[in-house]
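For the sequence shown, UniProt numbering begins at 1 and goes up steadily by one.
Beneath this line is the structure, given in structure tokens, with notes to follow.
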Amino acid sequence: MGNLLCTACIDTGTVGVIERCGKFDRLAEPGCHIVCCPLGEAVRGAVSLRVQQLDVHCETKTKDNVFCNVSVNVQFEAIREKVEDAYYRLTDPARQINSYVYDVVRSTVPNMMLDDVFSAKEDIAHNVKNELAKAMEKYGFSIIIALVTDIRPAANVMAAMNEINASSRQREAAIQKAEANKLTAIKHAEADAESKFLQGQGIARQRLAIINGLKESVLNFEQDIPGINSKDVVELMMLTQWIDMMRDIGQNGRQTVFMPHSPAGMADVTAQMRAGILQGGAATLR
């Protein structure tokens with residue numbers, strides 16, 4: 001009897017498929033099973049219940065005619081209640097999933113601009129998962145998740161995109177710098193205007209004080225010294241100020257040349273300089 005029976009061990013995480021005379025008979029859970037070989041029973045194979053991962057790399061074209069490689073990561077597993085379908089209905093599940101991913105990606109990405117593809121990664125992954133879930137469920141497989149892991153256009157396109165981004169940021173930086181310079185110039189102008197306004201007030205007050213002092217001095221002279229008028233007092237004060245100025249210049253320690261500043265005086269200076277040059281030239285000729 002022992003020669004008529006065989007044992008088969010099914011690994012954990014898999015479900016064995018037992019056939020009798022080439023026809024599906026039953027499923028075998030993980031563990032040791034008795035198989036009656038004389039009746040034509042045999043363990044034909046096993047279906048893994050583990051979560052499997054498939055990386056699909058699809059080359060496609062965007063709406064603005066840019067070729068790019070889209071990488072999609074698909075995680076799937078066999079449905080325990082449909083192990084028979086998972087084993088018999090598909091020869092190569094990974095190849096079938098790969099074909100569906102290609103179909104979804106190449107029907108979705110060509111309707112988008114390249115910039116929109118990067119921002120629509122979740123939408124692409126959602127479309128892939130929905131299409132795969134509907135297509136693979138009847139074959140006994142469940143799609144757990146689909147992720148768009150990478151979108152990589154050609155190297156020259158990526159360089160151009162980086163250059164555009166850099167130029168945009170430089171332009172923004174230039175605008176911000178110009179705004180800062182503008183604000184600084186405005187603040188400097190406001191400060192200069194305020195400074196000149198205060199200086200003008202100070203000069204006005206100074207002149208007012210001088211006028212009031214002169215006025216008071218003239219009145220005091222007229223009251224204290226009989227027979228003198230305001231004109232004489234003003235001339236006396238001007239002479240006093242002139243003497244004070246000469247004393248300050250003399251104490252300065254620098255050589256000072258006084259020149260007439262009226263138009264007629266400038267003509268006299270020019271004539272004197274011309275005469276001096278002519279006399280010097282005549283002396284040299286002698």
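Even for Gly, the Cβ is constructed at its ideal location relative to N, Cα and C.
By the criterion of a C-beta distance shorter than 6 Å, Ile124 is surrounded in its chain by Thr108 and Val148, once the five residues flanking it on both sides are discounted.
Under the DSSP assignment, Arg26 falls in the beta strand (DSSP E) whose first and last residues are Lys23 to Ala28.
By DSSP's assignment, Val117 forms no beta bridge with any residue.
The Cβ atoms of Leu49 and Arg80 sit closer than 9 Å to each other.
The count of Cβ pairs closer than 8 Å, one atom from the region 156 to 171 and one from the region 83 to 96, stays below three, leaving the stretches out of contact.
Counted as a single uninterrupted DSSP element, the beta strand (DSSP E) harbouring Ala46 occupies residues Glu41 to Ser48. The Cβ atoms of Gly40 and Glu59 do not sit closer than 9 Å to each other. Bridge pairing for Gly16: Ala28 and Ala46 [DSSP].
Annotation for Asp92: no beta strand (DSSP E) segment contains it, and DSSP assigns it neither H nor E.
Under the three-state reduction of DSSP output, Ala146 falls in the strand class. Put simply, of Arg152, Leu54, Asp115 and Ile10 the residue whose alpha carbon is nearest the alpha carbon of Lys63 is Asp115. Scanning its chain for C-beta atoms nearer than 6 Å, with the 5 sequence neighbours on each side dropped, one finds around Gln53 the residues Gln75, in chain order. Taking the Cβ atoms as the reference, Val104 lies roughly 10 Å from Val70, outside the contact range of under 8 Å. Considering only Ile97, Leu198, Ala86 and Cys68, the residue with the shortest C-alpha distance to Val117 is Cys68. Measuring C-alpha to C-alpha distances from Cys21 to each of Pro30, Ile143, Cys37 and Glu179 identifies Cys37 as the nearest. Distances from the CA of Ser142 to each of Ala86, Val17 and Val43 were compared; the closest alpha carbon is that of Ala86. According to the DSSP secondary-structure assignment, Cys9 is paired through a beta bridge with Cys32.
When DSSP reads this structure, Ser71 sits in a beta bridge with His57 and Asp150.
For Glu77, same chain residues with a beta-carbon under 6 Å away, outside a window of 5 residues either side, are Val51 and Ser142 in chain order. Rounded to whole angstroms, the gap between the alpha carbons of Glu216 and Arg207 is 14 Å. Leaving aside the five residues that flank Cys6 on each side, the residues in its chain whose CB is nearer than 6 Å to its CB run, in chain order, Val35 and Cys37. At the C-beta level, Ala28 and Ala8 come within 9 Å of one another. Rounded to whole angstroms, the gap between the alpha carbons of Arg95 and Arg44 is 22 Å.
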